[in-house]
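Numbering (the working numbering), first residue to last: 46 to 631.
So the structure is just underneath, and the comments pick up after that.
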């Protein structure tokens, strides 16, 4: 039965923005930190509250006037971008990207979905099923499976009574259930414990390598994993087995489930007295079906099955590449002495540009994408709550030559808009937020490019004079080269055939795999059969005809026109260094 189950986990970095502030400033560790949103009209609500501040009673969405009653709070603000007219989350996005990249590199056969900067869904279904099918690995795993081997110290097994348990009691319950599942060889339960152990390992690895802590929810759907993730205190891990659906997920408020409209929530409460999922479970299904639309009923039906249709979608790549530099001494902009300003700023920009070019190279090699923009930003020393930015569109790859001048000019344009204030520039940053995925290079093109660059791999053809549709002999090596060309130079296609005078095609000794001395030539054949002449410009050819009212073409006429031209066949290379040889080689 477990083979039909999904194994889904949610890793949620609780109070992520506050954690970023604490990790980037060690002096804030253990202190109550509150991160507020900065707007164009001033400071807004709190958006991230550290666990220390939560213990004091501070919550999200509290305004500054409400925070004044809590002593010793450390208030941080998400800066507002004056030019882009929105909060600047770049600092937090970079940390998020670092964590997601780490998890991607340290896991195999696991689908990762980036739900937000601080949340990731993991689909471990393939990973778990492969492990469960390996009898030897499974037996070894069962022998080592013990609650003491869990990396996480705070693990809960969701049940009717788990919320009243202490961390110690929860571990005892978990240990007892693990032993019971192994003794009865209950494979589905064992599979879920394996899933919990793996996610616990990932969570521990993140904390060890980055310093960031997270809460974890594990079950068989995204919605249930999200629900149990918040069931206990910050940084805990909770597993809900399928058999606990009614006791655990049954207590979920219907209004808190994503996808249910406020109108439907009110209808269920008023007409069926249903406010939690358990109420829907005990309600007569025929009554629900009659009183609701088919769309609403199917939505509720899916929820009662655990919302198992919702899939984890692969999406773990960062959309940001950014590097910045703090200028401790600051750079004066009033009055603006251009030579002095250019010299100092260029020195700082040089360091940033080197880093961002290296990052662009990595993005191209690993993700096959190139940047489409560069955002130049700066902050003034006396007003860190605001950032000035300018977006520059780029459409080429010669970053080393263009970036210094582009960024310097971008900064100057920003300064002219901002005004040459006495407050010096204390921070500059370059960010690429838009990328374009390059088209994949075809396999035959890759081989062609590789072979042409490796000149020592083969001897090139000697220089010969060839006329259209003629054969020119070469007396040096007994090879004839036939070269045929179509009349249209813009659509020129050639056929190059290397043949010995006696009619034989040169063949290589496949046994001499370690030597290239036997290689005389790589034969390249490109066939292109064309029936009938090809118009140089079909649109012009049609235009020269007498104008007649357009007639509707029949399906047979369209098919016959398509068959007039045979598409170009792929390039085939024959020889020991050819594509075909490498594909057949073991």
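Glycine included, each C-beta is placed from N, C-alpha and C at the ideal position.
Member of 101, 108, 127 and 148 whose CA lies at the smallest distance from the CA of residue 115: Nearest to residue 115 by alpha-carbon distance, out of 101, 108, 127 and 148, is 101.
Alpha-carbon to alpha-carbon, residue 448 and residue 53: Each residue's alpha carbon lies about 43 angstroms from the other.
Under the three-state DSSP convention, the category residue 441 falls into: Residue 441 falls in the coil class under three-state DSSP.
Inter-stretch contact (C-beta, 8 angstroms, three-pair minimum) for the segment 54-62 and the segment 245-259: With three or more CB-CB distances shorter than 8 angstroms, the segment 54-62 counts as touching the segment 245-259.
For residue 482, the nearest candidate out of 440, 457, 288 and 445 (CA to CA): The shortest C-alpha separation from residue 482 is found at 440.
Local Cβ density within 10 Å of residue 351, reported as buried at 16 or more and exposed below that: A buried status is given to residue 351, since no fewer than 16 other beta-carbon atoms sit within 10 Å of its beta-carbon.
Per-residue DSSP class, three states only, for residue 53: In the displayed model, residue 53 falls within a strand according to three-state DSSP.
Nearest residue (CA-CA) to residue 160, options 297, 359 and 434: For the residues 297, 359 and 434, the minimum Cα distance to residue 160 belongs to 359.
At least 3 beta-carbon pairs within less than 8 angstroms: the segment 224-234 vs the segment 312-326: Result no; under three Cβ-Cβ pairs closer than 8 angstroms.
Beta-carbon gap between residue 435 and residue 459 smaller than 8 angstroms: Yes, they are a contact pair.
DSSP state of residue 355 mapped onto helix, strand, coil: Residue state, collapsed to three classes: coil.
Collapsed DSSP secondary structure at residue 427 in the structure displayed: In the structure shown, residue 427 sits in coil (DSSP, three-state: anything other than H, G, I, E or B).
Opening and closing residue of the beta strand (DSSP E) in which residue 285 lies: Residue 285 -> no beta strand (DSSP E), and no H or E assigned at all.
Counterpart residues of residue 165 in DSSP-defined beta bridges: Note: residue 165 sits in a beta bridge opposite 56 and 159.
Sufficient close CB pairs (3 or more, under 8 angstroms) joining the segment 120-129 to the segment 81-93: Short answer: they touch.
Cut-off 7 angstroms between Cβ atoms - residues of its own chain near residue 430, not counting five sequence neighbours on either side: Only 83, 122, 124 and 125 meet the Cβ criterion.
Burial state of residue 67 (16 or more Cβ within 10 Å): Residue burial is scored here from C-beta neighbours: residue 67 has at least 16 other C-beta atoms within 10 angstroms and is therefore classed as buried.
Cβ-Cβ distance between residue 215 and residue 200 below 8 angstroms: It is a contact, given that the beta carbons lie within the stated cut-off.
Local conformation of residue 97 per DSSP, three classes: Three-state result, residue 97: helix.
Under the three-state DSSP convention, the category residue 83 falls into: Three-state result, residue 83: strand.
Alpha carbon of residue 264 to alpha carbon of residue 277, nearest angstrom: As the crow flies, the alpha-carbon of residue 264 is around 15 angstroms from that of residue 277.
Nearest-angstrom Cα separation, counted from residue 163 out to residue 142: Spanning the two alpha carbons is a distance of roughly 10 angstroms.
Identified DSSP bridge partners for residue 436: The partner list for residue 436 (beta bridge, DSSP) reads 420.
In chain order, each alpha helix (DSSP H) run of at least 4 residues that lies wholly inside the segment 207-249: With a minimum length of 4 residues, the continuous alpha helix (DSSP H) runs that stay inside the segment 207-249 are 212-228.
DSSP state of residue 468 mapped onto helix, strand, coil: Coil at residue 468, not helix or strand.
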